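Trainee: Here it is: the structure, laid out below.
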Amino acid sequence: MQMLLRNIKALFPQNYYPISPSEYRRLPTPTPPATFEKMKALCVRGDVQGFREILNSTVSSSEPLDIRDLELLHRGLPMTPFYALEAIKVKGKDALKAFLECGWDINQPLSELKPPVLGCAISDEEMTALLLDHGADPNRRCLIDLTPLSLAVESAPISVIHRMLIDRPTDAIEVLGLLIEKGAPINSAMYEDYPSWALFFFTGVGTLLHKAAELNKVDVVCYLISQGADQSIRDANGRTAIECARRLNQGEVVKALEKAK
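Using numbering that gives the first Met the number 0, read the sequence shown as starting at 0 and increasing by one per residue.
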């Protein structure tokens with residue numbers, strides 16, 4: 000044993016003295032050192048409740064985002080919507096913008112049962128506006144057909160619902176033109192020849208023309224007709240596009256379809 004102790008002692012310099020944990024070099028962190036010291040003191044006192052309150056509290060959301068905090072994302076750390084959820088909780092606008100710059104899909108559903116993060120921001124008009132301005136889609140569905148807008152209708156302030164319903168300029172026709180140019184089948188029903196057809200056929204899915212008619216997109220309806228969309232095709236409920244439009248009282252769409260016959 001004495002020989003073992005002598006061998007261990009020989010590994011250290013002659014004037015070596017162990018340092019205390021308080022002298023350890025600190026790694027850079029966005030959390031102030033004073034916060035760590037306070038948490039340490041609470042642990043020593045056994046104040047679990049106080050420790051949890053600090054642990055769960057908002058961490059300096061008003062401070063500017065440190066560019067070093069993005070290093071993991073730049074080095075390939077997988078981005079998940081749950082990071083964005085935390086940013087929404089603390090109004091982390093800079094963090095959300097950074098996530099988007101790093102490739103985060105703002106319209107990715109949280110799960111099969113939960114729509115995208117916009118549905119989690121509906122209690123906060125400011126954050127809702129930010130997400131909408133950066134491309135969040137109020138109508139993006141999860142597997143069970145919930146959308147951010149449907150959640151908003153249930154519980155959000157009326158001002159948030161109004162903001163979601165504002166018609167925003169889109170590039171729908173330009174995008175459709177590109178897809179058709181690349182060979183997209185204009186007269187195929189949505190989910191046709193896909194396994195997910197079994198999940199959605201009962202909702203009455205039809206062609207692009209059916210969808211445009213249901214959404215009262217007169218300009219899109221006219222464009223699809225000009226590109227050869229077939230009005231005679233029926234959806235899963237047996238309705239043509241014009242019948243869908245009449246059923247929903249989309250008068251302008253009905254006029255456009257009648258004129259094109």
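Built from N, CA and C at the ideal position, the CB exists for glycine as well.
Here the structure is a predicted model, which means the values were calculated and not measured.
1) Measure the alpha-carbon distance for E124 versus R51 and round it to whole angstroms.
2) Identify whether M189 lies in helix, strand or coil by the three-state DSSP scheme.
3) I'd like the list of long-range same chain contacts for N248, defined as Cβ closer than 6 Å, with 5 residues on each side in sequence excluded.
4) Looking at P115 and A97, is the spacing between their C-beta atoms short of 9 Å?
5) With C-beta atoms as the reference, is V252 less than 9 Å away from A188?
6) Using a Cβ cut-off of 9 Å (strictly closer), state whether V204 contacts chain D.
7) Can we say the region 108-122 touches the region 146-166, given the rule of at least three CB pairs closer than 8 Å?
8) Where does G176 fall in DSSP's three states?
9) Checking 9 Å against the spacing of the C-beta atoms, do C101 and M126 come in under that value?
10) May I ask which residues mark the beginning and end of the alpha helix (DSSP H) holding T127?
11) Between E85, A94, L208, which lies nearest to L72 when the distance is taken from Cα to Cα?
12) State the Cα-Cα distance for the pair L178 and L129, rounded to the nearest angstrom.
13) Return the Cβ separation of L207 and Q230 in integer angstroms, given the expectation that the two are a contact with Cβ distance under 8 Å.
14) Buried or exposed: which applies to G205, given that a residue is buried once 16 or more other Cβ atoms fall within 10 Å of its Cβ?
15) Quick check on V174: buried or exposed, where buried means 16 or more other Cβ atoms within 10 Å of its Cβ?
16) Looking at the structure shown, is K258 part of a helix, part of a strand, or coil, going by DSSP?
17) Skipping 5 residues on each side, what residues in its chain have a beta carbon closer than 6 Å to that of Y23?
18) Quick one: what does DSSP say G118 is sitting in, helix, strand or coil?
19) Give the range of the alpha helix (DSSP H) segment to which E111 is assigned.
20) Between L112 and P80, how many whole angstroms is the CB-CB distance? I'm expecting something under 8 Å.
21) To the nearest angstrom, how far is it from the Cα of H161 to the Cα of P137?
22) CA-CA distance, L223 and G250?
23) Can you have a look at K216 and say buried or exposed, based on whether 16 or more other CB atoms are within 10 angstroms of its CB?
Mentor: On the basis of the coordinates in this document:
1) 29 Å
2) coil
3) none
4) no
5) no
6) As a matter of chain content, chain D is missing from the structure shown, which is built from one protein chain.
7) yes
8) helix
9) Cβ distance not < 9 Å, so C101 and M126 don't count as in contact.
10) Run containing T127: 124-132, per the alpha helix (DSSP H) assignment.
11) A94
12) 29 Å
13) Incorrect: roughly 12 Å between the Cβ atoms, too far for contact.
14) G205 should be labelled buried.
15) exposed
16) helix
17) Residue confidence for Y23 is low, a pLDDT of 48 falling below 50, so the modelled location carries little weight; the figure read from the coordinates is stated next. Result list for Y23: empty, nothing under 6 Å.
18) helix
19) Element bounds for E111: n/a, residue is neither H nor E.
20) Not confirmed; about 13 Å, so no contact.
21) 11 Å
22) Put simply, the backbone Cα of L223 is about 18 Å away from that of G250.
23) buried
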